[in-house]
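Here's the structure, in structure tokens; my notes come after.
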Amino acid sequence: MNDADKGPVSALAREWTRLRGDFWDFGMLSWIPVVLCGMLWLVFSSGIARDLPIVVIDNDNSTLSRQLTRWLDASPGIEVAAKVASSDAALHRLRERTAFGYLLIPNDFEQKLLGGRQATVQWLYNAQFSSHAGALLRDVRTVSTTLSAGIEMTARAKKGMSGVQAAAQFEPIRTTLNSLYNENTSYEAFLTLALMPAMLQIFIVVAVVTSIGRELRDGTVPQWLASANGSWLRAVGAKLLFPLLAYVALALLYLLFFSLARGWAVAGSLPALLLSMLLLVLAYCGLATLLIAATLSLRLALSGAAFITAPAFAFAGQAFPLMAMPAPARAWAQALPLTHYLQLQTKYWLAGAPWRYGVQEMLILAGFAIGCGAVGVFLLARRANAPAAWGRA
Amino acid sequence: MMWPAFLATWRAMLTDKGALTLLFIGGIIYSFFYPLPYSTEIVQRVPVAVVDQDRSAMSRQLTRFAMAHPSLRVIAVTPDLPVAQDLLWRDEVMGVLILPDGLQTDVLAGRAAHAQVAGNGLYLMLNKVALNGLAEVVGTVSAGIELKRLGAGTPSTVQANQQRSPIVFDAVPLFNVKEGYGAYVVPGVATLIVQQTLLIGMTMLFGTWYQRKSFPVAGKRTADGYIGMLLAFACVAFLNCCYFFGFVFWFQDYPRGGNFGGMLLLLVLFSLAEAAFGMLLGMLFRTRERGTQLMIATSMPVLFLAGLTWPVSSMPVVLQWLRWLLPSTAGIQGFVALNQMGASLYEIRHEVAGLLALLVACVALGWWRWRKIDETVVDLNKA
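Written out as structure tokens, the structure is:
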């Protein structure tokens with residue numbers, strides 16, 4: 069056995085000793101991501117918002133208006149927190165955020181309806197709390213429509229129509245609404261599953277940047293390189309190995325947790341999803357290598373990591389769609405591996421697509437890994453082993 | 012001793028390139044960068060496909076209506092379901108209208124006919140637009156048929172229309188009246204940006220001071236020194252908030268200017284709480300970059316804990332309480348209520364109380380840690 073074969077072992081051993089000796093660095097590869105991801109899941113673990121508070125201004129106080137109020141309260145997404153007398157009182161509850169909308173029932177509500185005329189109910193909601201308001205709007209409208217349909221059917225029945233006849237007449241073409249792949253439009257499926265990789269990319273970049281950047285900051289590049297027998301490829305490889313293992317394990321943990329424990333089974337191609345996950349980790353290892361190699365400064369590279377990874381989810385097109393973004397934002401989104409990975413994950417995991425629907429995105433991720441990684445190693449080899457590159461704070 | 016410490020802290024912030032960038036430049040960069048994806052604010056022309064298996068006059072009418080709908084863009088009309096599935100998997104359409112064979116026959120025979128509308132539930136905003144748009148298309152055509160029928164039996168079309176849907180549902184958005192996505196998310200994130208850049212900058216400075224064994228204020232650890240430093244950092248939070256609430260909200264044209272006096276008061280309290288929180292945190296780490304590493308990773312959980320994008324009442328009880336340990340929780344809720352909704356101080360009393368409690372706790376703990384900083388370290392301003 070010659071010296072070259074011993075090289076990577078000692079570089080790895082050196083890295084391992086360093087990691088074991090640093091409580092926080094080791095934490096960033098182990099318990100910290102688990103705790104933070106776990107906390108994020110806990111936030112959204114109920115999946116669907118239930119019993120959001122609203123208030124009702126019932127100016128009619130009739131049998132029908134009370135029925136409407138009761139039905140609202142019975143709806144799982146809504147809790148009628150109070151009946152209030154005026155819009156001022158209702159707005160006060162909205163500003164206090166103890167209610168997120170109010171229903172205004174006019175004083176001639178029952179009289180009009182029984183007289184065969186139309187009555188208007190107003191639903192005023194806090195659009196500043198958009199996801200609260202979105203969930204409520206759906207439920208409040210459903211309740212109001214149901215009551216409306218009931219009144220219409222009763223009116224028809226009074227004219228001597230049979231129930232079936234009335235039903236067919238009253239809505240000639242029925243619509244069944246379907247949210248594919250996520251029937252209840254659960255936030256757990258739509259948001260938490262996408263947030264986990266968004267967390268993962270932050271950790272990968274921070275860990276890789278830190279582990280290489282520390283050698284530069286402390287001016288220990290010669291020792292680092294010597295431990296890898298002078299090979300930059302091995303030196304960087306030894307730096308990447310532990311983050312790679314740690315975050316692939318984290319990705320698997322998250323896959324197992326959501327698919328087995330939470331019941332979001334992988335509907336499409338499992339091998340393709342696994343490969344996508346690996347490519348995501350590799351792409352960010354490459355990106356992080358390039359980041360530190362380009363800046364040669366731990367602080368600058370960490371600032372860069374903050375700029376690239378922390379807002380990445382906002383650009384990834386999961387919460388706000390890519391197609392509605394202006395061109396510069398879309399271009400930035402395309403330059404983030406996360407955007408491509410999340411499209412793969414959505415297809416393979418929940419939408420049930422076969423493997424061939426993600427080949428393009430996978431090639432892009434591989435391109436990120438190889439392209440950024442190669443340029444990163446090249447830049448390090450050219451510039452890092454010089455005293456001028458060390459000690460930048 | 013207070014003002015020298017105040018000035019020495021300012022000097023330390025301004026002479027450290029890293030801290031300077033984070034504390035004063037970071038917020039400005041983010042203020043343009045973060046709202047960028049949302050600048051169009053709303054989603055229009057969502058691509059959909061029509062699966063027409065009926066191929067009748069009625070199904071063609073439905074397709075035409077879908078093409079004319081402002082929030083939809085019909086990119087494919089096909090009789091084959093697999094074609095639509097393929098388009099969905101390719102992310103080329105976000106919704107599908109399925110018109111089954113026999114649709115027109117059923118309608119003409121007076122039987123209830125069924126159309127199916129499907130949206131991609133994994134993209135919630137697009138799903139909503141696609142579902143609503145397609146449902147409106149079917150609803151309009153359906154109503155047309157019904158009105159014709161009713162018109163035969165009732166004297167006037169007005170009466171017919173009234174019989175059709177007795178209760179009119181009128182939805183009115185308040186506060187964020189244009190219902191912009193950026194106007195919804197960015198005001199909350201603004202407070203988070205102020206917090207995170209401040210905390211990163213502060214932990215960076217403290218870490219550096221520990222590493223170099225030099226503090227801006229040397230000698231005996233007095234209360235004056237602590238307060239001076241606290242005020243200096245609070246100024247940074249105050250200035251950054253002023254920039255966001257004053258310039259950025261105006262520049263991006265978000266709802267604003269609700270309760271100015273209340274905002275000013277909460278701003279003072281928030282800035283002090285952030286500074287005390289940051290000092291406590293800063294005295295925890297011993298290297299320059301440590302705080303940065305952790306702070307980048309906590310941004311997302313911290314935002315969601317604030318309860319702006321997800322109802323607090325739907326979080327586990329333990330998180331409902333723990334989230335108050337972060338100044339951002341009260342800050343995000345309080346400032347959105349004051350700035351975007353024009354709340355009174357009474358209406359944000361919980362946030363005020365939360366920040367006060369946090370300030371007292373952080374000052375008490377911070378002061379205790381402050382006195383333990385080694386007295387022998389050198390004053391970096393003199394070194």
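Residue numbers (the working numbering), protein chains in the order written: chain F, 69 to 461; chain H, 12 to 394.
Idealized CB from N, CA, C, for every residue including glycine.
All figures in this text were calculated on a predicted structure; none of them were measured in a lab.
Where residue i sits in the DSSP three-state scheme
i: GLN413 of chain F; result: helix
i: TRP400 of chain F; result: helix
i: ASP71 of chain F; result: With a pLDDT of only 46 at ASP71 of chain F, under 50, the local geometry of the prediction cannot be trusted, and the value read off the model is given with reservation. Helix.
i: ALA394 of chain H; result: The predicted model places ALA394 of chain H with a pLDDT of 42, which falls under 50 and marks its position as unreliable; any figure quoted below should be read in that light. Looking at ALA394 of chain H - three-state DSSP - the assignment turns out to be coil, as it is neither helix nor strand.
i: LEU447 of chain F; result: helix
i: PRO322 of chain H; result: coil
i: ALA87 of chain H; result: strand
i: TRP332 of chain F; result: coil
i: ALA141 of chain H; result: helix
i: SER225 of chain H; result: strand
i: THR202 of chain H; result: helix
i: ILE384 of chain H; result: coil
i: VAL371 of chain H; result: helix
i: VAL124 of chain F; result: strand
i: PHE217 of chain H; result: helix
i: ILE173 of chain F; result: strand
i: PRO265 of chain F; result: helix
i: VAL197 of chain H; result: helix
i: TYR45 of chain H; result: coil
i: ILE272 of chain F; result: helix
Proximity of residue i and residue j at Cβ, strictly below 8 angstroms
i: GLN190 of chain F; j: PHE186 of chain H; result: no
i: VAL200 of chain H; j: LEU34 of chain H; result: no
i: ARG165 of chain F; j: GLN344 of chain H; result: yes
i: TYR237 of chain H; j: TRP21 of chain H; result: no
i: VAL152 of chain H; j: VAL128 of chain H; result: no
i: GLY353 of chain H; j: GLY218 of chain H; result: no
i: ARG84 of chain H; j: VAL54 of chain H; result: no
i: ASP65 of chain H; j: LEU114 of chain H; result: yes
i: ALA351 of chain F; j: ALA419 of chain F; result: no
i: PRO46 of chain H; j: GLN263 of chain H; result: yes
i: VAL152 of chain F; j: ILE125 of chain F; result: yes
i: PHE177 of chain F; j: ASP119 of chain F; result: no
i: LEU210 of chain H; j: GLY318 of chain H; result: no
i: ALA225 of chain F; j: PRO177 of chain H; result: no
i: THR357 of chain F; j: VAL289 of chain F; result: no
i: LEU104 of chain F; j: THR303 of chain H; result: no
i: PHE258 of chain F; j: LEU204 of chain F; result: no
i: LEU356 of chain H; j: VAL347 of chain H; result: no
i: TYR425 of chain F; j: TRP100 of chain H; result: yes
CB-CB length for residue i against residue j, believed under 8 angstroms
i: LEU355 of chain F; j: VAL273 of chain F; result: 7 angstroms
i: SER339 of chain H; j: LEU203 of chain H; result: 6 angstroms
i: VAL349 of chain F; j: VAL316 of chain F; result: 6 angstroms
i: LEU349 of chain H; j: LEU280 of chain H; result: LEU349 of chain H to LEU280 of chain H, Cβ: 12 angstroms. No contact.
i: THR414 of chain F; j: ALA384 of chain F; result: That belief does not hold up - the Cβ atoms of THR414 of chain F and ALA384 of chain F are roughly 11 angstroms apart, past 8 angstroms.
Span of the beta strand (DSSP E), counted from its first residue to its last, around residue i
i: LYS151 of chain F; result: 146 to 151
i: ILE178 of chain H; result: 178 to 185
i: SER247 of chain F; result: 241 to 248
i: ALA124 of chain H; result: 124 to 131
i: VAL7 of chain H; result: As shown, chain H starts at 12 and ends at 394. That puts residue 7 of chain H outside it, with no answer to give.
i: ALA60 of chain H; result: 57 to 63
Residue span of the alpha helix (DSSP H) that contains residue i, given as start and end
i: PRO455 of chain F; result: Careful: PRO455 of chain F lies outside any alpha helix (DSSP H) and carries neither H nor E.
i: LEU108 of chain H; result: Taken as a continuous stretch (DSSP letters only), LEU108 of chain H belongs to no alpha helix (DSSP H), being part of the beta strand (DSSP E) at 106 to 110.
i: ASN194 of chain F; result: No alpha helix (DSSP H) holds ASN194 of chain F; the beta strand (DSSP E) holding it covers 187 to 194.
i: VAL347 of chain H; result: Taken as a continuous stretch (DSSP letters only), VAL347 of chain H belongs to no alpha helix (DSSP H), as it is neither H nor E.
Within chain F, partners of residue i - CB distance below 8 angstroms
i: VAL416 of chain H; result: Only positions 12 to 394 of chain H appear in this structure, which leaves residue 416 of chain H out of reach.
i: PHE44 of chain H; result: PHE375 and PRO379
Under 9 angstroms from the C-beta of residue i: neighbouring residues of chain F
i: PRO327 of chain H; result: LEU110, VAL111, SER113 and SER114
i: PRO93 of chain H; result: Those do not exist, as PRO93 of chain H stays about 12 angstroms from chain F at its closest Cβ, beyond 9 angstroms.
Per-residue contacts from residue i into chain H (C-beta, under 9 angstroms)
i: LYS307 of chain F; result: Within chain H, no residue comes near LYS307 of chain F; the closest Cβ sits about 16 angstroms away, beyond 9 angstroms.
Under 7 angstroms from the C-beta of residue i: neighbouring residues of chain H
i: ARG396 of chain F; result: Contrary to the premise, residue 396 of chain F reads as Pro rather than Arg in this sequence. Ordered by position in chain H, the residues that pass the 7 angstroms Cβ test against PRO396 of chain F are LEU47.
Partners in chain F for residue i, counting only beta-carbon separations shorter than 7 angstroms
i: LEU330 of chain H; result: LEU110 and VAL111
i: PHE315 of chain H; result: LEU108 and VAL111
Neighbouring residues, chain C, relative to residue i (Cβ below 7 angstroms)
i: ASN194 of chain F; result: The chain inventory of the structure shown lacks chain C, comprising the protein chains F and H.
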